[in-house]
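Right, one structure below, let's go through it.
Residue numbers (my numbering), protein chains in the order written: chain A, 93 to 417; chain B, 3 to 396.
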């Protein structure tokens, strides 16, 4: 990754970058354990990007490395086109982030905490305090001490802190934690509105449903490795096809289907047969299953393809990793 | 296997550029806003501020108030609340040591709370120079501790000056305070018997001056007696007055060293001295807490340094380790103690007004070395604290 020496050149090059976050071979080790392992990550500008992974996968560590909270052992990275850590100040000037649980000085009010953070940013940040508090919905409690805030309110305050710098890129680590359903809906709407304004939001979460509802693209991380990334629709199109078949005599139905060349995995569940077909299976196979069962004298009451969800895809991908080679 | 999506999702128009005028976040110099908000953060710590007020202002004030009340209710049993001795003992005995400890506590708090309360991460993410974040704490903390020490000191000065005793006792004689040489000579001319009988003099008083009943015969003047062997013969009243004036002149040096209340010069020096001590305590505490990343251990170490290590190492010369002892900041500040103060840690520049104490028990150290030690401590701990803050994982 090249680093420019002329600020004007650097700014123009940064503005032309298509990527809000760009990493190449990024590695962070704790002893022998690689928490972030040779990560290649490209987050498009102006998107809501989900960063998914099970607990301990290295999601927060990657965010900490990106933000300069800890150093990388290898690799290069850029935020909003600015190479970091070489141009960290310029990059972070337009970045807002929540990392882990948002914590603040409990003896100060929410507004006072934001005043401290605004003072560390550009002078205009101080003027954004009230609007940021209003946007996250805690303006009326802004003058209460943070020690009296619920977890959800601290999350909102954390997002307000992110907004102080009028960020082009927001990195939110588990922002839904501690929020009630209404709060989650508010957060989701806010993220979408931020993206609509042209900002990039990177959402690290283990709440797959929330990510699926909010994000355009995702990256799946496991054991420090990014194992998949891309637009959700594109990734799910490569997922396996699941079918639920409500029929009489499910055990005999399974025996019948096992004798065919349909392939896939066939099980018997509470609602009948549960069939998982490999990705790329043509829709004709569904008709073939129906034909085999009917010709075998088994009444079919319902045959329903199950829409692949991010959750099911995530479990497929991560469980495949866990399976022995 | 990592699948990289090469085509960016359609990007809405770039956000309008944010006004970044005045944004020097890469600079190591903290802004006024950073200092002001840091000051606010410390000032809002109610418990800490109460502790600072109690120690710096409360303890001396209550002590002086009790003395004022005692003297007002029973002047014969309780002496004046103020005065020179009270001033020096309060400053060197209480404000010096406790001022250091509370300033160190404030420094340890300022150096660790961002980390322990989770704000450090937020601050780092702003992109602001970590060195600037550290340095902002120094003026903010000093803006609290310096005025607080000054207020406590001003109260002590006020009471010690205005509630001081009204006469001084020199050689067993009540003498008006604050006289010039001429003034003392005039007073001696008017009280020749008192001077001749009580003030130290190489010559015995004339034979016709009666010193048998204490300090002179009283307002009626000297009593003329018959000459005795070995003593000067009778003198005329003029000669007696002239001799009294001469003795007063000879004793002016000793007389002038006795003060009812501290001089302006001493108060200024003592004030600067305890402010220096408090500032050192704050800066060292700040650096130590930043280095350790927590407050409690840092505060304990600072108390141990001030209350145990410094007195021990300041008084006893340990062979082969004397230079290490000289490197103690407490010893260095003790050596900068203004003359006329009681002995801090058994030494100091004390020993009477304006003089260096020849009987100081402190490990010897020149003023230059003391100043160098203090600078080294302040710079060294600031560098250590800042270095740790700049390299610490957030």
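In this text, a Cβ means the ideal position worked out from N, Cα and C, and glycines have one as well. This structure is a prediction, so every number in the text was calculated from the model and none was measured.
Excluding residues up to 5 positions away in sequence, 301 lie with their Cβ nearer than 6 Å to the Cβ of residue 107 of chain B in the same chain. Look at residue 354 of chain A here: in three-state DSSP terms it is coil, with no helix or strand label. Among the residues facing chain B, residue 208 of chain A is included, as its CB has a counterpart in that chain under 9 Å away. C-alpha of residue 236 of chain A to C-alpha of residue 398 of chain A: approximately 48 Å in a straight line.
Under the DSSP assignment, residue 242 of chain A falls outside any alpha helix (DSSP H); it carries neither an H nor an E label.
Pairing residue 346 of chain A with residue 363 of chain A, the inter-Cα distance amounts to about 13 Å.
Contact of residue 247 of chain A with chain B is not assigned, every C-beta pair being separated by 9 Å or more. A check of alpha carbon separations from residue 67 of chain B across B:250, B:383, B:241 and B:158 identifies B:158 as the nearest. Excluding its 5 nearest sequence neighbours in each direction, residue 403 of chain A has C-beta neighbours in its own chain below 7 Å: 300 and 301, listed in chain order. With its beta carbon at least 9 Å from every one in chain A, residue 112 of chain B lies outside the interface. Burial state of residue 343 of chain B is buried, judged by a 10 Å Cβ sphere holding 16 or more other Cβ atoms. In the DSSP assignment, residue 383 of chain B falls within the alpha helix (DSSP H) that extends over 369 to 393.
In this structure, residue 391 of chain B and residue 292 of chain B form a Cβ contact; the two beta carbons are roughly 5 Å apart against a cut-off of 8 Å. In the DSSP assignment, residue 396 of chain A forms a beta bridge with A:336.
With a cut-off of 8 Å on Cβ pairs, the region 55 to 71 of chain B is in contact with the region 139 to 157 of chain B, counting three or more such pairs. Straight through space, the alpha carbons of residue 310 of chain B and residue 376 of chain B are spaced by roughly 19 Å. Per the C-alpha coordinates, the member of B:192, B:30 and B:84 positioned closest to residue 262 of chain B is B:84. Three or more Cβ pairs closer than 8 Å define a contact, and the region 234 to 250 of chain B meets that threshold against the region 188 to 207 of chain B. Residue 232 of chain A has a beta carbon lying at 9 Å or more from every beta carbon in chain B. Cα atoms of residue 340 of chain A and residue 405 of chain A: separation of roughly 29 Å, rounded to the nearest angstrom. In the three-state DSSP reduction, residue 321 of chain B falls in the coil class, being neither helix nor strand.
Residue 367 of chain A: member of the beta strand (DSSP E) spanning 364 to 369, first to last residue. A Cβ of chain B is located within less than 9 Å of the beta carbon of residue 196 of chain A. Under the DSSP assignment, residue 337 of chain B falls in the alpha helix (DSSP H) whose first and last residues are 331 to 337. With contacts defined as CB atoms closer than 9 Å, residue 313 of chain A and residue 139 of chain A fail to qualify as a contacting pair. DSSP places residue 119 of chain B outside any beta strand (DSSP E), giving it a letter other than H or E. Note on geometry: alpha-carbon atoms of residue 52 of chain B and residue 164 of chain B lie some 28 Å from one another. Comparing C-alpha distances from residue 175 of chain A to each of A:115, A:209, A:215 and A:154 shows the shortest one belongs to A:115. Scanning B:74, B:54 and B:134 for the CA closest to the CA of residue 384 of chain B turns up B:134. Annotated three-state conformation of residue 147 of chain A is coil, per DSSP.
With its beta carbon less than 9 Å from one in chain A, residue 128 of chain B belongs to the interface. In the DSSP assignment, residue 314 of chain A is bridged to A:317. With a threshold of 9 Å between beta carbons, residue 162 of chain A makes contact with chain B. Judged by DSSP in its simplified three-state form, residue 168 of chain A adopts strand. Beta-bridge pairing by DSSP links residue 170 of chain B to B:177.
With respect to residue 169 of chain A, residue 184 of chain A sits apart: the two C-beta atoms are not nearer than 9 Å.
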